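A.B. asks: I am attaching a structure below and will ask some questions about it afterwards.
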Amino acid sequence: MDTKIMLDYLAELAANNDREWYHEHKKDREAATAQFEELVQALIYGIGAFDKSVLHNVPKELTFKQVRDTRFSHDKSPYNPTFRAHISSKGKLPIPVGYYISVRPGGGTFLGGGLFADMFSSATAMVRDAIAAKPNEWGEAIGSAEFKKYFTVKGTALKNVPAGYDKENPQAEYIKFKSWYVEYFVPDADVLDSEKFLDTCIDLFKAMKPFNDFLNAALEGFQMPTR
Numbered sequence: 001m002d003t004k005i006m007l008d009y010l011a012e013l014a015a016n017n018d019r020e021w022y023h024e025h026k027k028d029r030e031a032a033t034a035q036f037e038e039l040v041q042a043l044i045y046g047i048g049a050f051d052k053s054v055l056h057n058v059p060k061e062l063t064f065k066q067v068r069d070t071r072f073s074h075d076k077s078p079y080n081p082t083f084r085a086h087i088s089s090k091g092k093l094p095i096p097v098g099y100y101i102s103v104r105p106g107g108g109t110f111l112g113g114g115l116f117a118d119m120f121s122s123a124t125a126m127v128r129d130a131i132a133a134k135p136n137e138w139g140e141a142i143g144s145a146e147f148k149k150y151f152t153v154k155g156t157a158l159k160n161v162p163a164g165y166d167k168e169n170p171q172a173e174y175i176k177f178k179s180w181y182v183e184y185f186v187p188d189a190d191v192l193d194s195e196k197f198l199d200t201c202i203d204l205f206k207a208m209k210p211f212n213d214f215l216n217a218a219l220e221g222f223q224m225p226t227r
C-alpha cells in the first residue's frame, strides 16, 4: 500500500477538476484507487481483530464515487478529489454506524464514526431515547481516557432539550443532538507514512468502538426509508 500514490493523484485531480483531465488520466486513477482499496482491505483485517462483524466486507463495495451530483450545488466541479469508505457490519450504509475514512490532501484526511446523518428522524429518536434511558452507559462510551484522547462528540443540535425528555437528565446536552459523530484529522505528513497511518487508523477505530456500539444498540431494528 502506497499512500503517496493516493495523495499525489488526488492533488492533481483537485488542480485539474474537469472531465477531460479525469478521463485522460484513467491509468493514474486506477493505480491510486487500487492503493486505496488495499488500504481498506488492511483496515477490514485490522478492525476485524476487535470487531468481527466487518470481516465479510469487500473493499470495492465500501467505497464512494468521486463523481459529484452538481444539480443543486453552487460548486460545479464534477469530481470530489477524495477517497472515501465506510466499514460496518452492513457495508457502507449510514446505519448501522461504523468506521469512516476520508483521504484528501491538504490536511483534509480524517477518520470518523457515529451517526453523521440527521435526516432520519426515527434514528434520531432511537438514539435520544437510549441516551435518556441509559445516561451512565452513554457517559462510559464517550468518557474513557482513550476516547477523549482523540474525540469530541459532534452533531447538529437543537437549542433546547426536546419536549418529552427530562431537562435534568445528566446527558441532557446530548439529548439535544440530532446526530452524533466523531472526527479525527490526520496531517499529510502522517498519511504519507503508510504503515504508521494504518496503525493510527486501527488504534483510533478501536478507541471509537464503544461509542459506535452504543449507537448501534440504540439503532437496532432501524429500517432505512424506501424510495
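Under the working numbering, think of the first position of the sequence shown as 1, with each following residue one higher.
Every residue, glycine too, gets a C-beta built ideally from N, C-alpha and C.
Because the structure is a prediction, the values reported are computed rather than measured.
Could you check how far apart the C-beta atoms of L215 and L115 are, in whole angstroms? I think they sit under 8 Å.
C.D. replies: Sure, about 6 Å apart at Cβ, within 8 Å.
A.B. asks: Going by CA-CA distance only, name the one from R71, V58, A172 and Q66 that's closest to Y79.
C.D. replies: Cα-wise, what sits closest to Y79 is Q66.
A.B. asks: Just list the residues that DSSP pairs E183 with in beta bridges.
C.D. replies: For E183, which the question treats as bridged, DSSP gives the partners G112.
A.B. asks: Using a Cβ-Cβ cut-off of 7 Å (strictly less than) and excluding sequence neighbours within five positions of A117, which residues of its own chain qualify?
C.D. replies: Excluding positions up to five away in sequence, the list reads P94 and S179.
A.B. asks: Relative to the C-alpha of L13, which residue among T82, P59 and D75 is closest?
C.D. replies: The shortest Cα separation from L13 among T82, P59 and D75 belongs to T82.
A.B. asks: Please classify H74 as buried or exposed, where buried requires at least 16 neighbouring CB atoms within 10 angstroms.
C.D. replies: The residue is exposed, with fewer than 16 neighbouring Cβ atoms inside 10 Å.
A.B. asks: Could you work out which residue in D18, S144 and V103 is closest to K4 when comparing CA atoms only?
C.D. replies: Per the Cα distances, V103.
A.B. asks: Assign I5 to one of three DSSP states: helix, strand, or coil.
C.D. replies: Helix.
A.B. asks: Could you check where the alpha helix (DSSP H) with I131 kicks off and where it finishes?
C.D. replies: Taken as a continuous stretch (DSSP letters only), the alpha helix (DSSP H) holding I131 covers S121 to A133.
A.B. asks: Looking only at C-alpha atoms, which of G46, R68, K159 and A217 sits nearest to A123?
C.D. replies: Cα-wise, what sits closest to A123 is A217.
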